[in-house]
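Chemist: Numbering follows my numbering, in which position 83 of the sequence shown is assigned residue number 84; successive positions increment by one, without gaps. Glycine included, every Cβ here is placed at the ideal spot set by N, Cα and C. Note that the structure is predicted; figures quoted are calculated from it, not measured.
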Amino acid sequence: VIECGAQATGGNCSADWQTIGALDDIGYPIVEVASDGSFVVTKHSGTGGRVSRQTVTEQLIYEIDDPARYVTADVVTDFTSIRLDDLGNDRVRLSGIRGSPATGKLKVSAAYRDGFKAVGTLVYAWPDARAKAEAADRLLRARLERLGLRFERVHTEIIGAGAVHGALAGPDAGRDAPEVQLRVGVRDADRAKVSRFTREIAPLVLNGPPSVTGYFGARAKVEEILAYWPALIDAAAVIPRVELLA
């Protein structure tokens, strides 16, 4: 409930978010734990945000996978057993929490080098902003094909025309938008190919559809990809050690 910042006190909350005030001074969550395992979530009085049944519930179901089997290093928790009671005045009590013994495994978060990427963006203005962005994407891909540049992946988004909701946004999403952002990214094991991509998207400013503006963060830059690899190891292989620094 209290991990990852102030979500339990109103941050990133979809329930009546317009009425949650003073997020510029949001209070971080506090838990008052009882001997029976129940606890009350609250925050310092006079701070912004809100503690309610809705804010705490949203944090409970955030990034948990199976709610009946939330695995931690210490215990496997059954979130479906939890009872939430809104006590008012920014206080919510959680009780009835059940769990089972730990798995004997610990999670390891590792990273490894996995090639290179670059992302370029351009903004197209009304009229026909979406159509201009689509035309620019086709033009760029044709240019890359002409140069024999084939990447492991090429990904295009038109932000402001259904990029978040995808097909659910419908075929006309962003059709009459005042502006849209074309965002094109590539990835490949060959850094030189990715670098050439960064030099091909920039000329679209003057060699492509009209009413284009802006480089967000200047021209596209080549970045090394550090891929995420989670794994499990036996807990017995890890020796906990705490070092206090004076």
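#1: Would you mind giving the Cβ-Cβ distance between Arg-99 and Ser-39, rounded to the nearest angstrom? I have them listed as a contact below 8 Å.
#2: Specify, as a first and last residue, the run of the beta strand (DSSP E) that Thr-122 falls within.
#3: Should Gln-55 go down as buried or exposed, given a rule of 16 or more other Cβ atoms within 10 Å for buried?
#4: For the alpha helix (DSSP H) that Ile-202 lies in, which residues bound it at each end?
#5: Are there three or more Cβ pairs, one per stretch, closer than 8 Å when the segment 131 to 150 is compared with the segment 199 to 213?
#6: Using the Cβ count rule (16 or more neighbours within 10 Å means buried), how would you classify Ser-53?
#7: Measure the Cβ-Cβ separation of Val-187 and Val-155 and say whether it is below 8 Å.
#8: Taking the Cβ atom as the reference point for each residue, do Gly-50 and Gly-11 lie within a distance shorter than 8 Å?
#9: In whole angstroms, give me the CA-to-CA distance for Val-165 and Gly-171.
#10: Would you tell me roughly how many angstroms separate the C-alpha atoms of Lys-194 and Ala-126, rounded to the nearest one?
#11: For Ala-232, write down the residues that DSSP places opposite it in a beta bridge.
#12: If you reduce the DSSP assignment to three classes, tell me which class Ser-15 lands in.
#13: Answer yes or no: do Asp-115 and Phe-152 have a C-beta to C-beta separation smaller than 8 Å?
#14: For Val-57, does the three-state DSSP call read helix, strand or coil?
#15: Okay, do the segment 105 to 113 and the segment 217 to 232 touch, 3+ Cβ pairs below 8 Å being the bar?
#16: So is Asp-138 buried or exposed if we call it buried at 16+ other beta carbons inside 10 Å?
#17: Please work out which residues of its chain come closer than 8 Å, Cβ to Cβ, to Glu-224, disregarding the five sequence neighbours upstream and downstream, and give them in chain order.
#18: Bridge partners of Phe-40, per DSSP?
#19: Between which two residues does the beta strand (DSSP E) containing Ala-181 stretch?
#20: Under a Cβ-count criterion, where at least 16 other Cβ atoms within 10 Å of its own Cβ denotes burial, should Gly-161 be classed as buried or exposed?
#21: May I ask you to report which of helix, strand or coil DSSP gives Leu-85?
#22: Return the first residue and the last residue of the alpha helix (DSSP H) that Asp-79 is part of.
#23: Could you tell me which residues DSSP puts in a beta bridge with Pro-210?
#24: I need the boundaries of the beta strand (DSSP E) containing Arg-142, first residue and last residue.
#25: Is there contact here, the segment 11 to 30 with the segment 41 to 49, by at least three beta-carbon pairs under 8 Å?
Modeler: With the structure as the only source:
#1: Between Ser-39 and Arg-99 the Cβ distance is about 12 Å, and since that is not below 8 Å, they are no contact.
#2: Segment 106 to 126, the beta strand (DSSP E) holding Thr-122.
#3: Buried.
#4: Counting along the chain, the unbroken alpha helix (DSSP H) around Ile-202 starts and ends at 192 to 202.
#5: Verdict: yes, contact present.
#6: A buried status is given to Ser-53, since no fewer than 16 other beta-carbon atoms sit within 10 Å of its beta-carbon.
#7: Yes. Within cutoff.
#8: Between Gly-50 and Gly-11, the C-beta spacing is below 8 Å.
#9: In this structure, the CA atom of Val-165 is about 12 Å from the CA atom of Gly-171.
#10: Rounded to the nearest angstrom, the two C-alpha atoms are 30 Å apart.
#11: DSSP, once it has assigned bridges, lists Val-109 as partnering Ala-232.
#12: Per DSSP, reduced to three states, the secondary structure at Ser-15 is coil, with no helix or strand assignment.
#13: The Cβ atoms of Asp-115 and Phe-152 do not sit closer than 8 Å to each other.
#14: In the structure shown, Val-57 sits in a helix (DSSP, three-state: H, G or I).
#15: Under the Cβ criterion (8 Å, minimum of three pairs), the segment 105 to 113 counts as touching the segment 217 to 232.
#16: Under a 10 Å Cβ-count criterion, Asp-138 is classified as buried, with 16 or more other Cβ atoms of the shown protein chains found around its own Cβ.
#17: So the list reads Phe-117, Lys-118 and Ala-119, once near-sequence residues are dropped.
#18: For Phe-40, DSSP records a beta bridge to Val-34 and Leu-95.
#19: Note that residue 181 corresponds to Val in the displayed sequence, not to Ala. Under the DSSP assignment, Val-181 falls in the beta strand (DSSP E) whose first and last residues are 180 to 189.
#20: Around the beta-carbon of Gly-161, 16 or more other beta-carbon atoms lie within 10 Å, marking it buried.
#21: DSSP, read as helix, strand or coil, puts Leu-85 in strand.
#22: Asp-79 -> not in any alpha helix (DSSP H); beta strand (DSSP E) instead, spanning 76 to 79.
#23: Answer by DSSP bridge pairing: none, since Pro-210 is not bridged.
#24: Not the beta strand (DSSP E): Arg-142 falls in the alpha helix (DSSP H), residues 130 to 147.
#25: Touching, per the Cβ criterion.
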